[in-house]
Amino acid sequence: MKKTLSFIFALASTVAVEAQTADPVIMTINGKAVPRSEFVYSYKKNNGADVIDHKTVREYVELFANYKRKVEAALDAHLDTLTSYKTEFRQYRDQQVMPTLINDADVEAEAHKIYDAENERIGVDGINDVSHIYMRVRQDDDDAVMQRQKERIDSIYRVLKAGGDFETLAKQCSEDKATAQRGGRMGQLVKGSFFEKFENAVLAMKPGEISAPVQTEVGFHIIKLNDRYSLPSYDSLRNNIMQYVERSNLRKDLAKKRLEEIAVERGMTNEAVADMRADSLAAVSEEMKYLIQEYHDGLLLYEISNREVWEKAANDEKGLEAFWKKNKKKYTWEEPRFKGIAYYTREASDVDAVKKCLKGKKFSEWTELLRNTFNKDSVLRIRAEKGVFKKGMNGIVDREIYGDATAKIKERKDYPNTAVYGKLLKAPEEMSDVRALVVADYQEAMEAEWLKTLKARYVVKVNEDVLSTIKEE
Numbered sequence: 006m007k008k009t010l011s012f013i014f015a016l017a018s019t020v021a022v023e024a025q026t027a028d029p030v031i032m033t034i035n036g037k038a039v040p041r042s043e044f045v046y047s048y049k050k051n052n053g054a055d056v057i058d059h060k061t062v063r064e065y066v067e068l069f070a071n072y073k074r075k076v077e078a079a080l081d082a083h084l085d086t087l088t089s090y091k092t093e094f095r096q097y098r099d100q101q102v103m104p105t106l107i108n109d110a111d112v113e114a115e116a117h118k119i120y121d122a123e124n125e126r127i128g129v130d131g132i133n134d135v136s137h138i139y140m141r142v143r144q145d146d147d148d149a150v151m152q153r154q155k156e157r158i159d160s161i162y163r164v165l166k167a168g169g170d171f172e173t174l175a176k177q178c179s180e181d182k183a184t185a186q187r188g189g190r191m192g193q194l195v196k197g198s199f200f201e202k203f204e205n206a207v208l209a210m211k212p213g214e215i216s217a218p219v220q221t222e223v224g225f226h227i228i229k230l231n232d233r234y235s236l237p238s239y240d241s242l243r244n245n246i247m248q249y250v251e252r253s254n255l256r257k258d259l260a261k262k263r264l265e266e267i268a269v270e271r272g273m274t275n276e277a278v279a280d281m282r283a284d285s286l287a288a289v290s291e292e293m294k295y296l297i298q299e300y301h302d303g304l305l306l307y308e309i310s311n312r313e314v315w316e317k318a319a320n321d322e323k324g325l326e327a328f329w330k331k332n333k334k335k336y337t338w339e340e341p342r343f344k345g346i347a348y349y350t351r352e353a354s355d356v357d358a359v360k361k362c363l364k365g366k367k368f369s370e371w372t373e374l375l376r377n378t379f380n381k382d383s384v385l386r387i388r389a390e391k392g393v394f395k396k397g398m399n400g401i402v403d404r405e406i407y408g409d410a411t412a413k414i415k416e417r418k419d420y421p422n423t424a425v426y427g428k429l430l431k432a433p434e435e436m437s438d439v440r441a442l443v444v445a446d447y448q449e450a451m452e453a454e455w456l457k458t459l460k461a462r463y464v465v466k467v468n469e470d471v472l473s474t475i476k477e478e
């Protein structure tokens, strides 16, 4: 193993050196070189046949440069040193790295182990295809019940000895309802999988035989041994075993075991071995190299964007309000919308009580007012939906506000009364009416400003000669 790993790492170093001479620099970002292969990988991945907004190579240069600028900002902020980042990156990266620690032969060997273990478990007694007719006796049943059930099973056995059909009697008489509907068929039984007295009786039988009544811990059984056979060959079961391997994530377990073995052999930590394996794979596989880098950069991009734009904008209430006031005319509706609540009440008297409760109060306070006034106790007096509704969003609003007599209103058990309270707006009157749109636009504006600072901070120089060698997708 040590010799193999050493060879891989040596090969990786050789390939890396050769790659440097065959992979010209397409651009530099603050003096850091970006190879042509990295740009091509990113361009092809983001401009496939299924991409709607297809970009030319020239158009993609700016997108790629901004992406790399954001990653540089994240690195300068040392976000790659965060424990949370390291953990998440390793999880994504190792999804690609770990499977390479094993090969098809390793999986095949594990499949053989599973087969051999099952064969050993079955042993010389084989697999028994068994049916039974069952009379239940519970642990707390008295002697009278025990005697009655014994007499019943004995009478069934006499019928069988006189030529009665086992399957018919099982369907008619067995108290094991699950197997009774199948004519008493229990399926495959191997040693150690059922009650000892039951198993001993089965193992003493020959295929086709029917036993005298057998008493176990749960009652009485008449047993029929339908067949006995050995475990089929490995080849005949291989597909089933392989499906089990995939479903059970045994590949993952095998890879983890191999990782631990290598770590012990080389006196390293598991993480160090995984790092070394990732480096060696990246050196010999351009696809793996940039996939791992994509995980690395993508997680950094998400974290820095969340800090500088997404979460920052969503939580900046003063900024959002100022942005809303400045751009208020931009937010319009093609049709009026109803701002208020649609609600159900248990009692008819609460229809007006709700309106009285909310009259003159701020829209933002309604939810808490309704909860404290009508739903404070365990029995809820009202059920309400609050929001800004356009036609088609709520049946009660459609009927009461938009005049749709055919609107379907969802019935709520024990809440027969329906009503609405609020007002019809031709346009948004406050930021909260279109908050999601305002937040999205504010984020976009913040990102534009952020990019201005990044462009000034991280200078990008493009090698036009190398760029011209890339063909359009």
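With the sequence shown counted from 1, adding 5 to any position gets you the numbering used here. Even glycine gets a Cβ: it sits at the ideal position worked out from N, Cα and C. Quantities reported herein were computed from a predicted structural model and do not represent experimental measurements.
Return the bridge partner residues of residue i from the DSSP annotation.
i, result
"Ile57", "Paired residue(s): none; Ile57 is not in a bridge."
"Phe343", "Phe394, Leu429"
"Ile34", "Lys37, Val465"
"Ile387", "Thr350"
"Ile215", "Lys229"
"Ala424", "Tyr348"
Return the first residue and the last residue of the beta strand (DSSP E) that residue i is part of.
i, result
"Gly192", "190 to 194"
"Phe225", "224 to 234"
"Arg141", "132 to 141"
"Thr221", "219 to 221"
Assuming contact is defined by CB atoms lying nearer than 7 Å, are residue i and residue j in contact in what I supplied?
i, j, result
"Leu304", "Phe94", "yes"
"Glu115", "Leu259", "yes"
"His226", "Tyr139", "yes"
"Val393", "Val425", "no"
"Ile31", "Asn468", "yes"
"Arg386", "Asp355", "yes"
"Lys75", "Ile34", "no"
"Pro212", "Asp232", "yes"
"Val207", "Asn275", "no"
"Tyr349", "Arg376", "no"
"Phe343", "Gly408", "no"
"Trp315", "Met436", "no"
"Leu230", "Glu214", "yes"
"Tyr420", "Arg462", "no"
"Pro29", "Val471", "yes"
"Gly400", "Ala412", "yes"
"Ser47", "Glu291", "no"
In whole angstroms, what is the alpha-carbon distance linking residue i and residue j?
i, j, result
"Glu477", "Thr61", "6 Å"
"Gln448", "Glu123", "60 Å"
"Leu80", "Ile309", "9 Å"
"Tyr97", "Asp85", "14 Å"
"Ile406", "Phe44", "55 Å"
"Val102", "Gly131", "42 Å"
"His59", "Leu363", "51 Å"
"Arg63", "Ala70", "11 Å"
"Val444", "Ala82", "25 Å"
"Leu296", "Asp99", "11 Å"
"Glu222", "Ser136", "18 Å"
"Thr92", "Val289", "25 Å"
"Ala27", "Ala38", "14 Å"
"Val278", "Lys261", "11 Å"
"Ala450", "Asp302", "23 Å"
"Leu174", "Tyr234", "26 Å"
"Cys178", "Ala185", "8 Å"
"Lys323", "Arg440", "13 Å"
"Leu429", "Pro341", "6 Å"
"Ile414", "Lys395", "15 Å"
"Asp382", "Arg404", "31 Å"
Can you tell me the Cβ-Cβ gap for residue i and residue j, rounded? I've got them flagged as a contact below 8 Å.
i, j, result
"Gly189", "Phe171", "7 Å"
"Ile127", "Val195", "5 Å"
"Arg141", "Glu180", "5 Å"
"Leu106", "Arg243", "Contact flag wrong, Cβ pair sits at about 23 Å."
"Ala347", "Asn422", "The pair is not a contact, with the Cβ atoms about 12 Å apart (cut-off 8 Å)."
"Thr372", "Lys391", "6 Å"
Hey, could you find the ends of the alpha helix (DSSP H) residue i is sitting in?
i, result
"Asp470", "469 to 472"
"Ile158", "148 to 166"
"Lys118", "109 to 127"
"Lys331", "322 to 331"
"Pro275", "Reading off the sequence shown, one finds Asn at residue 275, where the question assumed Pro. Asn275 -> alpha helix (DSSP H) spans 275 to 289."
"Ser369", "Taken as a continuous stretch (DSSP letters only), Ser369 belongs to no alpha helix (DSSP H), as it is neither H nor E."
"Ser437", "That residue, Ser437, is in no alpha helix (DSSP H); it is neither H nor E in DSSP."
"Ala209", "Ala209 -> no alpha helix (DSSP H), and no H or E assigned at all."
"Asp81", "62 to 81"
"Thr88", "88 to 102"
"Gln177", "171 to 178"
"Asn311", "No alpha helix (DSSP H) contains Asn311, which DSSP labels as neither H nor E."
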